[in-house]
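Undergrad:
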Amino acid sequence: MKKPISHIRCHLAFCIAVFVLLVLSDVSWAADAPPRKPSKADKCPVCGMFVYKYPDWVGQVIFKNGSVDYFDGAKDLFKYYFDLKKYNPKRSKTDIQAIYVSEYYNMEPLDAKEAYFVIGSDVYGPMGRELIPLATEADAEAFRKDHKGKRILRFQEVTPKVLEKLD
Numbered sequence: 343m344k345k346p347i348s349h350i351r352c353h354l355a356f357c358i359a360v361f362v363l364l365v366l367s368d369v370s371w372a373a374d375a376p377p378r379k380p381s382k383a384d385k386c387p388v389c390g391m392f393v394y395k396y397p398d399w400v401g402q403v404i405f406k407n408g409s410v411d412y413f414d415g416a417k418d419l420f421k422y423y424f425d426l427k428k429y430n431p432k433r434s435k436t437d438i439q440a441i442y443v444s445e446y447y448n449m450e451p452l453d454a455k456e457a458y459f460v461i462g463s464d465v466y467g468p469m470g471r472e473l474i475p476l477a478t479e480a481d482a483e484a485f486r487k488d489h490k491g492k493r494i495l496r497f498q499e500v501t502p503k504v505l506e507k508l509d
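Quick note: the working numbering has the sequence shown finishing at residue 509, numbered continuously throughout.
1. On the DSSP letters alone, give me the boundaries of the beta strand (DSSP E) that Arg496 sits inside.
2. Take Lys503 as the anchor and find which of Phe424, Ala454 and Ala440 has the nearest alpha-carbon.
3. For Glu445, does the count of other Cβ atoms within 10 angstroms reach 16, so buried, or fall short, so exposed?
4. Could you give the DSSP three-state label for Lys487: helix, strand or coil?
5. State buried or exposed for Ala383, treating a residue as buried only when at least 16 other CB atoms are found within 10 Å of its CB.
6. Is the segment 462-473 touching the segment 423-442, taking contact as three or more C-beta pairs under 8 Å?
7. So what does DSSP say about Ala480, is it helix, strand or coil?
8. Taking the Cβ atom as the reference point for each residue, do Leu452 and Val443 lie within a distance shorter than 8 Å?
9. May I have the straight-line CA-CA distance separating Lys490 from Ala457, to the nearest angstrom?
10. Would you list, in sequence order, the uninterrupted beta strand (DSSP E) runs of no fewer than 3 residues that lie entirely inside the segment 417-487?
11. Which first and last residues belong to the alpha helix (DSSP H) in which Val504 is found?
12. I believe Pro387 touches Asp411 by the beta-carbon criterion, under 8 Å. Please report the beta-carbon distance rounded to the nearest angstrom.
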């Protein structure tokens, strides 16, 4: 028995609507929390340095309640992220709304989960050896070649062991 054409159209329309909703709901988790600028009072919770002195290196974690922690580089941001209970015991990773790092070339905030990080380069940040955030894979590869970088990592590839090698 064949299904009526109107039933098939209805089913197709429903499938398309579900697909569109799924695509639209998969927006960047940072979209609802725009990056902010640190004040002169903001200190890196990992090393205690005043962050405003290093605007080209600022990283930030924005929480769902609107609070922000700032960092003087991606390395300290990742240390914080991996040991949140040590640095901010009242928070958990599920409280995080957005994470930004400063893109090396344009020095603008970049969603950390979209960044490419070069490690082992001859470029040092405020705390010494640093993960250098770049917006595109091509930029990261060019930077790696120009600055003797060892590897390019994505957010999910950075581990505490990687950070240990930078200290």
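All residues carry an ideal CB built from backbone N, CA and C; glycine is no exception.
TA: In this structure, then:
1. Arg493 to Arg496
2. That would be Phe424, whose Cα lies nearest to the Cα of Lys503.
3. Glu445 counts as buried, since no fewer than 16 other beta carbons sit within 10 angstroms of its beta carbon.
4. helix
5. exposed
6. Flag = no, the segment 462-473 and the segment 423-442 do not touch.
7. helix
8. yes
9. Rounded to whole angstroms, Lys490 to Ala457 spans 19 Å at the Cα level.
10. 438-444, 451-453, 458-461 and 474-476
11. In this chain, the alpha helix (DSSP H) harbouring Val504 covers Pro502 to Leu508.
12. About 5 Å; that satisfies the 8 Å criterion.
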